[in-house]
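Its first residue numbered 138, the sequence shown is counted upward by one per residue in our numbering. Ideal Cβ positions, reconstructed from N, Cα and C, are used throughout, including at glycine. Predicted model, so just to flag it, every value in this text is computed and none were measured. Worksheet: one structure, shown below.
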Amino acid sequence: MKRLRWYDLITINLFWLGLNIRNTAVGSVFTPYLVAIFVPEKVMGTALGAISAAGLVIAMLVQPAAGLLSDRSTSRFGRRRPFIFAGVLFDLLFLVAIALAGNYWMLLVTTLLIQFSANVSHGPLQGLIPDLAPEDQRGRASAIKAMMELVPIILVGFTIAQLIGKGQLGWAVAVTGATLLLTMLLTMVFVKEEPLRERPATSFKIPMLRVLGMLAGIALGAVAGVVGGGLIGGLAGLIAWPLAGKTTGLLVAVGVGGVVAMIVAVVAGVWSGAYATLGRDALHQSPFTWWIVNRLLFLAAVTSIQGFAPFFLMYAFHVDAETAASMNGRLMEIIGVFVLLAAFAGGWIADRLSRKGVVGCSGLFAGLGAFMLLGTIWAPNLTMVYLAGGVIGLGAGAFMTANWALGADLAPAAEAGRYLGISNLAGAGAGIVGKGIGGPILDYLNGQQPGLGYFAIFAGFAILFLLSIVSLVGVRTARR
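What follows is the structure, encoded as C-alpha coordinates:
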(Lines of atoms letter the chains of each structure in order from A and count residues from 1; the text may use other names and numbers.)
(Lines give C-alpha, C1' and ligand atoms only; values in the text may rest on other atoms or scores of the structure.)
Protein backbone atom coordinates (compact mmCIF):
# COMPACT_ATOMS: atom_id res chain seq x y z
CA MET A 1 0.00 0.00 0.00
CA LYS A 2 1.39 3.39 -1.05
CA ARG A 3 2.35 5.80 1.76
CA LEU A 4 0.22 8.92 2.01
CA ARG A 5 1.53 12.48 2.06
CA TRP A 6 0.28 14.90 4.70
CA TYR A 7 -2.32 16.43 2.40
CA ASP A 8 -3.55 12.96 1.37
CA LEU A 9 -4.42 12.32 5.02
CA ILE A 10 -6.61 15.43 4.86
CA THR A 11 -8.26 14.72 1.50
CA ILE A 12 -9.33 11.17 2.39
CA ASN A 13 -11.08 12.65 5.44
CA LEU A 14 -12.42 15.86 3.91
CA PHE A 15 -15.88 14.51 3.16
CA TRP A 16 -16.31 13.75 6.87
CA LEU A 17 -16.46 17.54 7.33
CA GLY A 18 -19.33 17.98 4.88
CA LEU A 19 -21.13 14.89 6.12
CA ASN A 20 -21.02 15.99 9.76
CA ILE A 21 -22.05 19.55 8.92
CA ARG A 22 -25.08 18.09 7.14
CA ASN A 23 -25.88 15.68 9.99
CA THR A 24 -25.55 18.36 12.68
CA ALA A 25 -27.53 20.91 10.69
CA VAL A 26 -30.38 18.53 9.91
CA GLY A 27 -30.52 16.79 13.29
CA SER A 28 -29.80 19.63 15.72
CA VAL A 29 -31.02 22.72 13.86
CA PHE A 30 -33.45 22.19 10.96
CA THR A 31 -35.57 19.40 12.41
CA PRO A 32 -36.19 20.87 15.90
CA TYR A 33 -36.81 24.30 14.36
CA LEU A 34 -39.40 23.03 11.87
CA VAL A 35 -41.05 20.73 14.41
CA ALA A 36 -41.50 23.76 16.69
CA ILE A 37 -43.19 25.60 13.81
CA PHE A 38 -45.38 22.76 12.54
CA VAL A 39 -46.79 21.16 15.70
CA PRO A 40 -48.37 22.47 18.92
CA GLU A 41 -46.04 22.90 21.89
CA LYS A 42 -47.82 20.15 23.81
CA VAL A 43 -46.62 17.43 21.36
CA MET A 44 -43.25 18.81 20.21
CA GLY A 45 -41.22 16.23 22.14
CA THR A 46 -43.22 13.30 20.81
CA ALA A 47 -43.08 14.66 17.26
CA LEU A 48 -39.30 15.10 17.39
CA GLY A 49 -38.86 11.67 18.99
CA ALA A 50 -40.89 10.01 16.23
CA ILE A 51 -38.85 11.63 13.45
CA SER A 52 -35.56 10.79 15.17
CA ALA A 53 -36.46 7.18 15.91
CA ALA A 54 -37.80 6.49 12.40
CA GLY A 55 -34.77 8.14 10.80
CA LEU A 56 -32.32 6.13 12.88
CA VAL A 57 -34.00 2.87 11.89
CA ILE A 58 -33.39 3.87 8.25
CA ALA A 59 -29.77 4.70 9.09
CA MET A 60 -29.22 1.36 10.84
CA LEU A 61 -30.34 -0.50 7.71
CA VAL A 62 -28.93 1.64 4.89
CA GLN A 63 -25.48 2.50 6.27
CA PRO A 64 -24.16 -1.08 6.61
CA ALA A 65 -25.91 -2.17 3.40
CA ALA A 66 -24.25 0.62 1.41
CA GLY A 67 -20.90 -0.18 3.02
CA LEU A 68 -21.21 -3.85 2.10
CA LEU A 69 -22.23 -3.04 -1.48
CA SER A 70 -19.23 -0.72 -1.82
CA ASP A 71 -16.97 -3.53 -0.57
CA ARG A 72 -18.10 -5.54 -3.61
CA SER A 73 -18.13 -2.72 -6.17
CA THR A 74 -15.93 -3.08 -9.26
CA SER A 75 -16.62 0.41 -10.63
CA ARG A 76 -13.71 1.94 -12.55
CA PHE A 77 -14.08 5.05 -10.36
CA GLY A 78 -13.30 3.06 -7.21
CA ARG A 79 -15.31 1.34 -4.54
CA ARG A 80 -16.28 4.24 -2.28
CA ARG A 81 -16.46 7.44 -4.34
CA PRO A 82 -19.40 6.46 -6.60
CA PHE A 83 -21.57 5.93 -3.53
CA ILE A 84 -20.42 9.23 -2.02
CA PHE A 85 -21.23 11.01 -5.29
CA ALA A 86 -24.69 9.45 -5.64
CA GLY A 87 -25.54 9.99 -1.98
CA VAL A 88 -24.71 13.69 -2.15
CA LEU A 89 -26.77 14.27 -5.30
CA PHE A 90 -29.84 12.90 -3.53
CA ASP A 91 -28.88 14.77 -0.34
CA LEU A 92 -29.04 18.07 -2.21
CA LEU A 93 -32.47 17.23 -3.59
CA PHE A 94 -33.82 16.24 -0.17
CA LEU A 95 -32.28 19.28 1.54
CA VAL A 96 -34.31 21.46 -0.82
CA ALA A 97 -37.36 19.36 0.04
CA ILE A 98 -36.79 20.03 3.76
CA ALA A 99 -36.64 23.77 3.08
CA LEU A 100 -39.93 23.53 1.15
CA ALA A 101 -41.73 21.28 3.66
CA GLY A 102 -45.04 22.87 4.56
CA ASN A 103 -46.18 20.64 7.41
CA TYR A 104 -44.99 18.00 9.86
CA TRP A 105 -45.79 15.03 7.63
CA MET A 106 -43.81 16.46 4.72
CA LEU A 107 -40.94 17.07 7.13
CA LEU A 108 -41.13 13.47 8.35
CA VAL A 109 -41.00 12.07 4.80
CA THR A 110 -38.15 14.34 3.67
CA THR A 111 -36.15 13.62 6.82
CA LEU A 112 -36.46 9.88 6.23
CA LEU A 113 -35.41 10.36 2.61
CA ILE A 114 -32.32 12.34 3.59
CA GLN A 115 -31.46 9.69 6.17
CA PHE A 116 -31.50 7.19 3.31
CA SER A 117 -29.32 9.26 0.98
CA ALA A 118 -26.97 10.41 3.75
CA ASN A 119 -26.19 6.84 4.73
CA VAL A 120 -25.64 5.79 1.12
CA SER A 121 -22.50 7.95 1.32
CA HIS A 122 -21.76 7.44 5.03
CA GLY A 123 -21.38 3.65 4.93
CA PRO A 124 -18.82 3.52 2.08
CA LEU A 125 -16.94 6.56 3.43
CA GLN A 126 -15.88 4.50 6.43
CA GLY A 127 -13.83 2.32 4.11
CA LEU A 128 -11.50 5.04 2.79
CA ILE A 129 -9.01 4.95 5.68
CA PRO A 130 -8.68 1.12 5.73
CA ASP A 131 -8.47 1.11 1.91
CA LEU A 132 -5.88 3.85 1.43
CA ALA A 133 -3.92 4.46 4.65
CA PRO A 134 -1.02 2.13 5.53
CA GLU A 135 -1.36 0.64 9.00
CA ASP A 136 1.32 2.87 10.52
CA GLN A 137 -0.49 6.00 9.22
CA ARG A 138 -4.00 5.06 10.30
CA GLY A 139 -3.60 6.65 13.72
CA ARG A 140 -2.90 10.05 12.16
CA ALA A 141 -5.65 9.56 9.59
CA SER A 142 -8.12 8.67 12.34
CA ALA A 143 -7.10 11.73 14.37
CA ILE A 144 -7.88 13.98 11.39
CA LYS A 145 -11.19 12.15 10.95
CA ALA A 146 -12.01 12.90 14.59
CA MET A 147 -11.31 16.59 13.96
CA MET A 148 -13.67 16.54 10.97
CA GLU A 149 -16.36 15.10 13.25
CA LEU A 150 -15.92 17.63 16.08
CA VAL A 151 -15.30 20.94 14.29
CA PRO A 152 -18.76 20.91 12.60
CA ILE A 153 -20.44 21.39 15.99
CA ILE A 154 -18.78 24.81 16.22
CA LEU A 155 -19.20 25.67 12.53
CA VAL A 156 -22.91 24.86 12.46
CA GLY A 157 -23.51 26.81 15.66
CA PHE A 158 -21.62 29.83 14.33
CA THR A 159 -23.17 29.93 10.85
CA ILE A 160 -26.18 27.77 10.04
CA ALA A 161 -27.92 28.12 13.41
CA GLN A 162 -27.48 31.90 13.28
CA LEU A 163 -29.05 32.02 9.81
CA ILE A 164 -32.05 30.14 11.19
CA GLY A 165 -32.12 32.67 14.04
CA LYS A 166 -32.60 35.39 11.42
CA GLY A 167 -35.39 33.45 9.73
CA GLN A 168 -33.18 32.54 6.75
CA LEU A 169 -33.98 28.83 6.40
CA GLY A 170 -33.31 28.90 2.65
CA TRP A 171 -29.83 30.35 3.11
CA ALA A 172 -29.09 27.93 5.95
CA VAL A 173 -30.00 24.99 3.70
CA ALA A 174 -27.95 26.51 0.85
CA VAL A 175 -24.84 26.79 3.05
CA THR A 176 -25.31 23.20 4.21
CA GLY A 177 -25.70 21.94 0.65
CA ALA A 178 -22.78 24.01 -0.68
CA THR A 179 -20.44 22.64 1.99
CA LEU A 180 -21.59 19.11 1.26
CA LEU A 181 -21.17 19.57 -2.50
CA LEU A 182 -17.73 21.17 -2.19
CA THR A 183 -16.31 18.46 0.08
CA MET A 184 -17.75 15.77 -2.20
CA LEU A 185 -16.19 17.31 -5.33
CA LEU A 186 -12.80 17.68 -3.65
CA THR A 187 -13.02 14.03 -2.59
CA MET A 188 -13.90 12.94 -6.12
CA VAL A 189 -10.96 14.88 -7.60
CA PHE A 190 -8.17 14.35 -5.08
CA VAL A 191 -8.83 10.91 -3.57
CA LYS A 192 -7.32 8.22 -5.77
CA GLU A 193 -8.85 4.77 -5.49
CA GLU A 194 -7.67 1.62 -7.23
CA PRO A 195 -10.67 -0.12 -8.86
CA LEU A 196 -11.42 -3.58 -7.54
CA ARG A 197 -10.61 -6.07 -10.29
CA GLU A 198 -12.68 -8.94 -8.98
CA ARG A 199 -15.76 -8.97 -6.79
CA PRO A 200 -15.03 -10.68 -3.44
CA ALA A 201 -16.78 -13.93 -2.64
CA THR A 202 -17.81 -12.76 0.83
CA SER A 203 -21.50 -13.01 1.65
CA PHE A 204 -23.77 -9.97 1.71
CA LYS A 205 -26.56 -11.88 3.42
CA ILE A 206 -24.80 -12.84 6.66
CA PRO A 207 -23.65 -9.32 7.66
CA MET A 208 -27.11 -7.92 6.90
CA LEU A 209 -28.70 -10.62 9.04
CA ARG A 210 -26.47 -9.39 11.87
CA VAL A 211 -27.76 -5.86 11.28
CA LEU A 212 -31.34 -7.10 11.45
CA GLY A 213 -30.42 -9.02 14.60
CA MET A 214 -29.16 -5.86 16.30
CA LEU A 215 -32.23 -3.94 15.17
CA ALA A 216 -34.49 -6.69 16.52
CA GLY A 217 -32.52 -6.61 19.77
CA ILE A 218 -33.05 -2.87 20.15
CA ALA A 219 -36.77 -3.32 19.40
CA LEU A 220 -36.96 -6.08 22.02
CA GLY A 221 -35.13 -3.82 24.45
CA ALA A 222 -37.65 -1.05 23.80
CA VAL A 223 -40.53 -3.43 24.56
CA ALA A 224 -38.76 -4.60 27.72
CA GLY A 225 -38.20 -0.96 28.65
CA VAL A 226 -41.87 -0.09 28.28
CA VAL A 227 -42.91 -3.14 30.34
CA GLY A 228 -40.23 -2.62 33.00
CA GLY A 229 -40.86 1.10 33.16
CA GLY A 230 -44.59 0.51 33.47
CA LEU A 231 -44.14 -1.94 36.34
CA ILE A 232 -41.57 0.06 38.33
CA GLY A 233 -43.23 3.39 37.56
CA GLY A 234 -46.62 1.99 38.53
CA LEU A 235 -45.20 0.72 41.81
CA ALA A 236 -43.62 4.11 42.54
CA GLY A 237 -46.92 5.81 41.74
CA LEU A 238 -48.84 3.50 44.07
CA ILE A 239 -46.42 4.32 46.88
CA ALA A 240 -46.71 8.07 46.23
CA TRP A 241 -50.52 8.07 45.85
CA PRO A 242 -51.51 7.72 49.55
CA LEU A 243 -48.70 10.05 50.60
CA ALA A 244 -49.17 12.89 48.11
CA GLY A 245 -52.46 12.29 46.33
CA LYS A 246 -53.63 10.74 43.07
CA THR A 247 -52.33 13.46 40.74
CA THR A 248 -48.84 13.45 42.23
CA GLY A 249 -48.81 9.66 42.24
CA LEU A 250 -49.55 9.63 38.51
CA LEU A 251 -46.77 12.16 37.81
CA VAL A 252 -44.31 10.08 39.86
CA ALA A 253 -45.37 6.95 37.97
CA VAL A 254 -44.74 8.56 34.57
CA GLY A 255 -41.45 10.22 35.56
CA VAL A 256 -39.94 7.20 37.31
CA GLY A 257 -41.34 4.81 34.72
CA GLY A 258 -39.83 6.82 31.88
CA VAL A 259 -36.35 6.81 33.37
CA VAL A 260 -36.56 3.08 34.15
CA ALA A 261 -37.82 2.43 30.61
CA MET A 262 -34.74 4.11 29.11
CA ILE A 263 -32.37 2.16 31.38
CA VAL A 264 -34.03 -1.21 30.72
CA ALA A 265 -34.26 -0.48 26.98
CA VAL A 266 -30.51 0.17 26.81
CA VAL A 267 -29.35 -2.84 28.84
CA ALA A 268 -31.88 -5.32 27.44
CA GLY A 269 -31.51 -3.98 23.90
CA VAL A 270 -27.72 -4.24 23.86
CA TRP A 271 -27.60 -7.71 25.36
CA SER A 272 -30.36 -9.13 23.15
CA GLY A 273 -28.91 -7.44 20.06
CA ALA A 274 -25.39 -8.61 20.86
CA TYR A 275 -26.63 -12.16 21.40
CA ALA A 276 -28.55 -12.06 18.11
CA THR A 277 -25.45 -10.94 16.21
CA LEU A 278 -22.62 -12.63 18.12
CA GLY A 279 -24.36 -15.69 19.54
CA ARG A 280 -22.62 -17.22 22.54
CA ASP A 281 -19.63 -14.96 21.88
CA ALA A 282 -21.68 -12.17 23.47
CA LEU A 283 -21.39 -14.07 26.76
CA HIS A 284 -17.76 -15.06 26.27
CA GLN A 285 -16.89 -11.46 25.40
CA SER A 286 -19.04 -9.91 28.13
CA PRO A 287 -16.59 -7.02 28.80
CA PHE A 288 -17.12 -5.90 25.20
CA THR A 289 -20.91 -6.18 25.53
CA TRP A 290 -20.83 -4.12 28.73
CA TRP A 291 -18.69 -1.59 26.87
CA ILE A 292 -21.52 -1.23 24.34
CA VAL A 293 -23.97 -0.74 27.24
CA ASN A 294 -21.68 2.00 28.58
CA ARG A 295 -21.54 3.62 25.15
CA LEU A 296 -25.30 3.51 24.59
CA LEU A 297 -26.15 4.88 28.05
CA PHE A 298 -23.87 7.87 27.48
CA LEU A 299 -24.88 8.54 23.88
CA ALA A 300 -28.61 8.18 24.58
CA ALA A 301 -28.29 10.98 27.13
CA VAL A 302 -26.00 13.36 25.26
CA THR A 303 -27.75 13.14 21.88
CA SER A 304 -31.16 13.62 23.49
CA ILE A 305 -30.07 16.71 25.43
CA GLN A 306 -28.74 18.12 22.16
CA GLY A 307 -32.02 17.38 20.37
CA PHE A 308 -34.35 18.80 23.03
CA ALA A 309 -32.20 21.88 23.77
CA PRO A 310 -34.04 24.25 21.36
CA PHE A 311 -37.40 23.34 22.91
CA PHE A 312 -36.03 23.92 26.40
CA LEU A 313 -34.68 27.33 25.43
CA MET A 314 -38.09 28.27 23.99
CA TYR A 315 -39.78 27.27 27.24
CA ALA A 316 -37.29 28.67 29.75
CA PHE A 317 -36.71 32.06 28.10
CA HIS A 318 -40.13 32.52 26.44
CA VAL A 319 -38.65 33.01 22.97
CA ASP A 320 -39.78 31.99 19.48
CA ALA A 321 -38.26 29.20 17.39
CA GLU A 322 -35.87 31.54 15.53
CA THR A 323 -34.44 33.09 18.69
CA ALA A 324 -34.13 29.66 20.30
CA ALA A 325 -32.20 28.42 17.24
CA SER A 326 -29.75 31.32 17.57
CA MET A 327 -29.32 30.70 21.31
CA ASN A 328 -28.87 27.00 20.63
CA GLY A 329 -26.19 27.90 18.08
CA ARG A 330 -24.23 29.76 20.76
CA LEU A 331 -24.66 26.77 23.05
CA MET A 332 -23.32 24.49 20.30
CA GLU A 333 -20.28 26.73 19.86
CA ILE A 334 -19.48 26.55 23.58
CA ILE A 335 -20.04 22.81 23.72
CA GLY A 336 -17.95 22.32 20.58
CA VAL A 337 -14.96 24.21 22.00
CA PHE A 338 -15.05 22.18 25.22
CA VAL A 339 -15.53 18.95 23.25
CA LEU A 340 -12.40 19.69 21.21
CA LEU A 341 -10.31 20.56 24.26
CA ALA A 342 -11.44 17.49 26.17
CA ALA A 343 -10.99 15.20 23.16
CA PHE A 344 -7.32 16.11 22.87
CA ALA A 345 -6.69 15.98 26.62
CA GLY A 346 -8.76 12.83 27.08
CA GLY A 347 -6.97 11.00 24.27
CA TRP A 348 -3.56 11.94 25.67
CA ILE A 349 -4.49 10.85 29.21
CA ALA A 350 -6.17 7.65 28.00
CA ASP A 351 -3.05 6.62 26.07
CA ARG A 352 -0.79 7.17 29.09
CA LEU A 353 -2.92 6.28 32.09
CA SER A 354 -6.31 4.55 31.97
CA ARG A 355 -8.88 4.53 29.18
CA LYS A 356 -11.47 3.14 31.58
CA GLY A 357 -10.72 5.88 34.10
CA VAL A 358 -11.18 8.61 31.50
CA VAL A 359 -14.49 7.08 30.38
CA GLY A 360 -15.66 7.03 34.00
CA CYS A 361 -14.70 10.67 34.53
CA SER A 362 -16.55 11.53 31.31
CA GLY A 363 -19.78 10.19 32.76
CA LEU A 364 -19.18 12.14 35.97
CA PHE A 365 -18.64 15.45 34.15
CA ALA A 366 -21.59 14.96 31.81
CA GLY A 367 -23.84 13.93 34.70
CA LEU A 368 -22.83 17.05 36.63
CA GLY A 369 -23.66 19.21 33.60
CA ALA A 370 -27.08 17.59 33.25
CA PHE A 371 -27.84 18.18 36.94
CA MET A 372 -26.78 21.82 36.52
CA LEU A 373 -29.49 22.19 33.87
CA LEU A 374 -32.12 21.28 36.46
CA GLY A 375 -31.49 24.54 38.28
CA THR A 376 -32.33 26.57 35.17
CA ILE A 377 -35.80 25.11 34.56
CA TRP A 378 -37.76 27.28 36.97
CA ALA A 379 -35.06 29.95 37.46
CA PRO A 380 -33.79 30.54 33.89
CA ASN A 381 -30.20 31.73 33.65
CA LEU A 382 -28.58 31.69 30.21
CA THR A 383 -25.05 31.87 31.63
CA MET A 384 -25.75 28.77 33.73
CA VAL A 385 -27.17 26.97 30.66
CA TYR A 386 -23.99 27.75 28.72
CA LEU A 387 -21.83 26.69 31.67
CA ALA A 388 -23.74 23.42 31.99
CA GLY A 389 -23.28 22.88 28.25
CA GLY A 390 -19.54 23.41 28.61
CA VAL A 391 -19.34 20.83 31.41
CA ILE A 392 -21.31 18.32 29.33
CA GLY A 393 -18.98 19.13 26.42
CA LEU A 394 -15.95 18.29 28.57
CA GLY A 395 -17.47 14.91 29.36
CA ALA A 396 -18.54 14.24 25.78
CA GLY A 397 -15.17 15.14 24.27
CA ALA A 398 -13.19 12.92 26.61
CA PHE A 399 -15.73 10.13 26.13
CA MET A 400 -15.54 10.20 22.33
CA THR A 401 -11.82 9.48 22.29
CA ALA A 402 -11.32 7.27 25.34
CA ASN A 403 -14.43 5.13 24.91
CA TRP A 404 -13.61 4.18 21.31
CA ALA A 405 -10.01 3.37 22.25
CA LEU A 406 -11.31 1.18 25.09
CA GLY A 407 -13.59 -0.67 22.68
CA ALA A 408 -10.70 -1.25 20.27
CA ASP A 409 -8.75 -2.79 23.15
CA LEU A 410 -11.64 -5.11 24.07
CA ALA A 411 -12.61 -6.30 20.57
CA PRO A 412 -10.93 -9.57 19.52
CA ALA A 413 -8.12 -8.59 17.16
CA ALA A 414 -9.10 -11.11 14.48
CA GLU A 415 -12.69 -9.82 14.35
CA ALA A 416 -12.30 -6.17 15.34
CA GLY A 417 -14.27 -4.90 12.34
CA ARG A 418 -17.23 -7.16 13.08
CA TYR A 419 -17.33 -6.24 16.77
CA LEU A 420 -16.83 -2.49 16.37
CA GLY A 421 -19.41 -2.44 13.58
CA ILE A 422 -21.96 -3.72 16.08
CA SER A 423 -21.14 -0.79 18.36
CA ASN A 424 -21.87 1.62 15.48
CA LEU A 425 -25.35 0.11 15.21
CA ALA A 426 -25.80 0.46 18.96
CA GLY A 427 -24.79 4.11 18.68
CA ALA A 428 -27.64 4.68 16.23
CA GLY A 429 -29.95 3.03 18.73
CA ALA A 430 -29.08 5.73 21.28
CA GLY A 431 -31.32 8.29 19.62
CA ILE A 432 -34.16 5.78 19.37
CA VAL A 433 -34.03 5.18 23.13
CA GLY A 434 -33.40 8.72 24.35
CA LYS A 435 -35.69 10.74 22.10
CA GLY A 436 -38.23 8.03 21.35
CA ILE A 437 -38.97 7.45 25.05
CA GLY A 438 -38.01 10.89 26.35
CA GLY A 439 -40.24 12.85 23.96
CA PRO A 440 -43.62 11.53 25.15
CA ILE A 441 -42.52 11.85 28.81
CA LEU A 442 -41.55 15.47 28.17
CA ASP A 443 -44.91 16.32 26.61
CA TYR A 444 -47.09 14.54 29.16
CA LEU A 445 -45.41 15.97 32.27
CA ASN A 446 -45.13 19.48 30.81
CA GLY A 447 -48.85 19.30 30.12
CA GLN A 448 -49.52 18.58 33.78
CA GLN A 449 -47.12 21.17 35.19
CA PRO A 450 -44.98 23.50 33.03
CA GLY A 451 -41.31 22.59 33.29
CA LEU A 452 -41.88 19.24 34.98
CA GLY A 453 -41.20 17.37 31.75
CA TYR A 454 -37.79 19.02 31.37
CA PHE A 455 -37.00 18.26 35.01
CA ALA A 456 -37.87 14.58 34.47
CA ILE A 457 -35.89 14.07 31.26
CA PHE A 458 -32.82 16.07 32.33
CA ALA A 459 -32.75 14.18 35.64
CA GLY A 460 -33.19 10.96 33.68
CA PHE A 461 -30.34 11.79 31.32
CA ALA A 462 -28.13 12.68 34.30
CA ILE A 463 -28.91 9.24 35.76
CA LEU A 464 -27.99 7.62 32.42
CA PHE A 465 -24.63 9.40 32.52
CA LEU A 466 -23.99 8.15 36.06
CA LEU A 467 -25.12 4.62 35.21
CA SER A 468 -22.64 4.64 32.32
CA ILE A 469 -19.98 4.80 35.06
CA VAL A 470 -21.59 1.89 36.93
CA SER A 471 -21.65 -0.20 33.75
CA LEU A 472 -17.85 -0.05 33.64
CA VAL A 473 -17.84 -2.61 36.47
CA GLY A 474 -18.57 -5.22 33.81
CA VAL A 475 -15.80 -3.91 31.53
CA ARG A 476 -12.85 -5.91 32.77
CA THR A 477 -9.56 -4.89 31.19
CA ALA A 478 -5.99 -6.06 31.50
CA ARG A 479 -3.64 -3.79 33.42
CA ARG A 480 -1.80 -1.41 31.11
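My understanding is that residue 260 touches residue 337, with C-beta atoms under 8 Å, so please give their C-beta distance in whole angstroms. No, residue 260 and residue 337 are not in contact; Cβ-Cβ is about 16 Å, not under 8 Å.
With residue 259 as the anchor, note down where its alpha helix (DSSP H) starts and where it stops. 241–262
Could you give the DSSP three-state label for residue 528: helix, strand or coil? helix
Pick from 519, 426 and 165: whose alpha carbon is nearest that of residue 568? 165
Apart from the five residues just before and just after residue 414, which ones in its own chain have a Cβ nearer than 6 Å to its Cβ? 347, 350, 351 and 559
Specify whether the stretch 169–187 and the stretch 576–584 touch according to this definition: at least 3 beta carbon pairs, one from each stretch, less than 8 Å apart. yes
Option in 321, 298 and 476 with minimal Cα separation from residue 460: 298
Limits of the unbroken alpha helix (DSSP H) element including residue 158: 151–161
Cα-Cα separation between residue 277 and residue 366, rounded to whole angstroms: 44 Å
Thinking just about the alpha-carbon of each residue, which of 510, 205, 380 and 152 is nearest to the one in residue 323? 152
Endpoints, the alpha helix (DSSP H) within which residue 428 is located: 423–454
For residue 497, collect the residues of the same chain with a Cβ closer than 6 Å to its Cβ; drop the 5 residues on either side in sequence, then sort them by chain order. 606 and 609
Is it true that the CB of residue 154 sits closer than 8 Å to the CB of residue 262? no
Alpha carbon to alpha carbon, how far is residue 451 from residue 457? Give it in angstroms, no decimals. 6 Å
The alpha helix (DSSP H) that contains residue 308, what's its start and end? 306–327
Once the 5 residues before and after residue 369 are set aside, which same chain residues still bring their CB inside 7 Å of it? 393, 394 and 397
Nearest-angstrom Cα distance between residue 238 and residue 495? 43 Å
Give me the residue from 312, 576 and 225 with the minimum Cα distance to residue 167. 312
Residue 620 classed as buried or exposed, judged by whether at least 16 other C-beta atoms fall within 10 angstroms: Only positions 138 to 617 of the chain appear in this structure, which leaves residue 620 out of reach.
Grab me the residues of residue 279's own chain with a C-beta within less than 8 Å of its C-beta, minus the 5 sequence neighbours each way, in chain order. 266
Report back the beta-carbon spacing between residue 204 and residue 264 to the nearest angstrom; my notes put them in contact at under 8 Å. 7 Å
Is the distance from the Cβ of residue 148 to the Cβ of residue 327 below 8 Å? yes
State yes or no: is the C-beta of residue 409 within less than 8 Å of the C-beta of residue 571? no
What would DSSP say about residue 183, mapped onto helix, strand or coil? helix
Might you give, ordered along the chain, the residues of its own chain that have their beta carbon closer than 7 Å to the beta carbon of residue 528, omitting 5 neighbours on each side? 502, 505, 506 and 509
Do you know whose CA, among 301, 244 and 592, lies nearest residue 466's CA? 301
By the DSSP assignment, the alpha helix (DSSP H) with residue 341 in it spans what residues? Looking at the DSSP string, residue 341 is not in any alpha helix (DSSP H), and its letter there is neither H nor E.
Verify whether the separation of the beta carbon atoms of residue 479 and residue 437 is less than 8 Å. no
Taking 8 Å as the threshold (C-beta atoms), are residue 216 and residue 335 in contact? no
In its own chain, which residues sit with a C-beta less than 7 Å from the C-beta of residue 175, not counting the 5 before and 5 after it? 240, 241 and 244
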